[in-house]
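One structure below.
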Amino acid sequence: MIRFYFFFFWYFNIFPFSIADYVYFENSSSNPYLIRRIEELNKTANGNVEAKVVCFYRRRDISNSLIMLADKHAKEVEEESETTIEVDLTDKQKHQLKHRELFLSRQYESLPATHIRGKCSVALLNETESVLSYLEKEDTFFYSLVYDPSLKTLLADKGEIRVGPRYQADVPDMLAEGELDDREQAKLEVKVWDPDSPLTDRQIDQFLVVARAVGTFARALDCSSSVRQPSLHMSAAAASRDITLFHAMDTLHKHNYDLSSAISVLVPLGGPVLCRDEMEEWSASEASLFEEALEKYGKDFNDIRQDFLPWKSLTSIIEYYYMWKTTDRYVQQKRLKAAEAESKLKQVYIPTYMHRFTCSVFSSLAPQSHQWYSWGPPNMQCRLCASCWIYWKKYGGLKMPTQTDDDKLSSSQPTEESHVRTHMSRQATQGTPVRNTGSPKSAVKTRQAFFLHTTCWTKLARQVCKNTLRLRQAARRPFVPINCAAIKAEFVVDSNSKSLYVHMCVSSAAKSLNVPAGFVSALSALFYCSCCLVYVSQSSIDAVLGADAWYSKMSHAGSSYCELY
């Protein structure tokens, strides 16, 4: 029977996925797979299975500034580490190693289990291991930093492997007989208990019983303790906690293990000494808030203090947590969670989508493949073979380094050239790839480019009518129409007063356009004789200039008649 099930799952490509597995999720047919860790498997009301997962992010998912920060952190760790194995990597290996780096996050999300596409392996970066070990194994990734998607920050993971002399204690040499100890005694530890005391174990136990009795009597006299522990049994149990025993042993040590003087300190003139720990100091409402916060944040005590118990110190919260784990309430909750976990799904069987291609193509420069996939922006019309497509889906990049990858982080200096390269690389790398196994034609039409060609007459008009046609002011007010009547009226001038001005304007405008001198004289004469709007035809200018080569080019680009404003 076992062999039959194994053959059934193998034949139909059905594999189990369990809690704590690192898996590929597909959210788009063209984007790379998402890498997630399964935390829970829950069945919905309609019978479908959803997976609660922890999110991992690739280098392509975070900003360039954070990538530079991550590279700087990796370089600093490599320089400080004394156990790092030096390996010479080629450009291709360095390029592919970037695809294996991930960034852990504390973000959770729920995804349909049917979107799982396979298993992978993610591990914390080991400084004592060669980086080639991650490249030699398929579907293997590593991480060393934690990414916060909401704050856009990177932090070092708390789980750090502390290896090397930097994290080890330096044991000094043993002092010879008669040699003085030159260490500062004030900076050393303080002895709080002497096992070689003159008291026997029986005498010490009797003193501790007296301390518990004093603590029980003190709780009977205290009004607040009478409310919290209404019975004698509860008061005696509270008096037997570690806080009472530690106080008794500390008192005995401070009085040089003299029982009579130590007992007199336990019962001073004002009444018996009452010692309380955090379990007694906290009220029932505060305990409920703590349990609610622990359910939401786990053992993140900073968030618990910030959002639920701001009036408590961090030390108090941590101390209460470890005391709370010894109570019956914690044991009951642990049993309920265990029973709930038993009822939840442990694993789910999903058919794999990671087909084993028989293609012999192993390079993005392959001349042929049994199937091609459209990749990148549609206007670039890039294609990937089947093997490179699988690499793109798994690792989120191409096998071979490209020029855009080098230009993306080539310089941190904000130059104009770098801005242009960054903009072009964004268009090339951040475009959504589109899967297209049919026609090689792109599904999106390319827009036609155009440019505005200004005629010679328009350029002359800008120079002649400067007083009326104020180009800078008009450009600042694009929605205000230009008064064409006022521009036309500027040419209706007295010939005696405007002839020299017109000739200077035409000359200055024509000089910037490299207009022949004969054409300038003829055009000035035409303006001089006219008192209204002037229409200049090709035939009249041909009579002045003849078959001039310059005008032949201008007349070919312009119209038959040019209206001059």
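Each residue of the sequence shown is one higher than the last, beginning at 1 in UniProt numbering. Where is the CB? At the ideal position from N, CA and C, for every residue including glycine. Quantities reported herein were computed from a predicted structural model and do not represent experimental measurements.
Using only the alpha-carbon positions, how far apart do residue i and residue j sit?
| i | j | result |
| --- | --- | --- |
| phenylalanine 246 | lysine 296 | 34 Å |
| threonine 429 | threonine 402 | In this prediction, threonine 429 has a pLDDT of 42, which is less than 50 and means its spatial position is unreliable; nothing more can be read from the coordinates. |
| proline 268 | alanine 262 | 10 Å |
| leucine 188 | leucine 89 | 48 Å |
| arginine 183 | glutamate 278 | 37 Å |
| threonine 358 | isoleucine 390 | Low confidence applies here, because threonine 358 scores a pLDDT of 38, under 50, leaving its location unreliable; read the following figure in that light. Approximately 12 Å between the Cα atoms of the pair. |
| leucine 345 | isoleucine 35 | 21 Å |
| aspartate 170 | serine 144 | 28 Å |
| leucine 124 | phenylalanine 142 | 6 Å |
| leucine 274 | arginine 219 | 7 Å |
| residue 568 | glutamine 381 | The displayed coordinates of the chain run from 1 to 565. Any statement about residue 568 would go beyond what the structure contains. |
| lysine 337 | serine 288 | 17 Å |
| glutamine 96 | lysine 393 | 14 Å |
| lysine 52 | glutamate 39 | 5 Å |
| leucine 480 | alanine 489 | Position check: residue 480 holds valine in this sequence, whereas leucine was assumed. Using only the alpha carbons, I get a separation of about 19 Å. |
| arginine 329 | isoleucine 67 | 46 Å |
| tyrosine 134 | arginine 100 | 7 Å |
| glycine 47 | leucine 309 | 40 Å |
| serine 18 | aspartate 205 | 52 Å |
| tryptophan 193 | alanine 186 | 18 Å |
| serine 28 | threonine 114 | 13 Å |
| leucine 252 | cysteine 223 | 28 Å |
| valine 444 | alanine 485 | In this prediction, valine 444 has a pLDDT of 44, which is less than 50 and means its spatial position is unreliable; nothing more can be read from the coordinates. |
| proline 198 | aspartate 258 | 9 Å |
| serine 121 | serine 30 | 22 Å |
| serine 260 | methionine 234 | 29 Å |
| proline 16 | proline 172 | 55 Å |
| glutamate 340 | asparagine 42 | 11 Å |
| residue 592 | lysine 459 | Nothing in the structure corresponds to residue 592, since the chain is present only between 1 and 565. |
| isoleucine 487 | cysteine 465 | 7 Å |
| asparagine 467 | threonine 454 | 21 Å |
Once DSSP output is grouped into helix, strand and coil, what is the label at residue i?
| i | result |
| --- | --- |
| leucine 221 | helix |
| cysteine 456 | helix |
| arginine 477 | coil |
| serine 133 | helix |
| arginine 60 | helix |
| aspartate 71 | helix |
| methionine 279 | helix |
| alanine 341 | helix |
| residue 628 | Since the first and last residues shown for the chain are 1 and 565, residue 628 lies out of range. |
| arginine 470 | coil |
| serine 65 | helix |
| valine 544 | Bear in mind that a pLDDT of 40 at valine 544, under 50, signals an unreliable position, so the number given afterwards is only what the model happens to contain. Here valine 544 sits in helix by DSSP. |
| glutamate 80 | helix |
| aspartate 91 | helix |
| proline 378 | helix |
| tryptophan 392 | helix |
| leucine 97 | helix |
| lysine 399 | coil |
| alanine 489 | helix |
For the beta strand (DSSP E) that residue i lies in, which residues bound it at each end?
| i | result |
| --- | --- |
| isoleucine 38 | 34 to 43 |
| valine 273 | It is not in any beta strand (DSSP E) - valine 273 carries neither H nor E in the DSSP assignment. |
| arginine 383 | 382 to 385 |
| threonine 140 | 140 to 148 |
| valine 23 | 22 to 25 |
| serine 121 | 116 to 124 |
| leucine 151 | Here leucine 151 belongs to no beta strand (DSSP E), and DSSP marks it neither H nor E. |
Which residue comes first and which comes last in the alpha helix (DSSP H) that contains residue i?
| i | result |
| --- | --- |
| glutamate 109 | Counting along the chain, glutamate 109 falls outside any alpha helix (DSSP H), though it belongs to the beta strand (DSSP E) covering 101 to 112. |
| tyrosine 321 | 314 to 324 |
| glutamate 295 | 284 to 297 |
| asparagine 483 | Here asparagine 483 belongs to no alpha helix (DSSP H), and DSSP marks it neither H nor E. |
| aspartate 303 | 301 to 307 |
What residues match up with residue i in a beta bridge as DSSP calls it?
| i | result |
| --- | --- |
| alanine 51 | Leu41 and Leu111 |
| methionine 16 | In the sequence on display, residue 16 carries proline and not methionine. For proline 16, which the question treats as bridged, DSSP gives the partners Tyr349. |
| tryptophan 372 | Cys385 |
The ligand ZN and residue i: does the residue's C-beta get closer than 8 Å to at least one heavy atom of that ligand?
| i | result |
| --- | --- |
| alanine 51 | Annotation note on the ligand ZN: not contained in the displayed structure, which lists no ligands. |
Could you give the uninterrupted runs of the alpha helix (DSSP H) lying entirely in the UniProt domain "ELM2" (159 to 270), keeping only those of 4 residues or more? Unbroken alpha helix (DSSP H) runs of no fewer than 4 residues, entirely contained in the UniProt domain "ELM2" (159 to 270), are found at 201 to 221, 223 to 228, 232 to 239, 242 to 254 and 259 to 266, following chain order.
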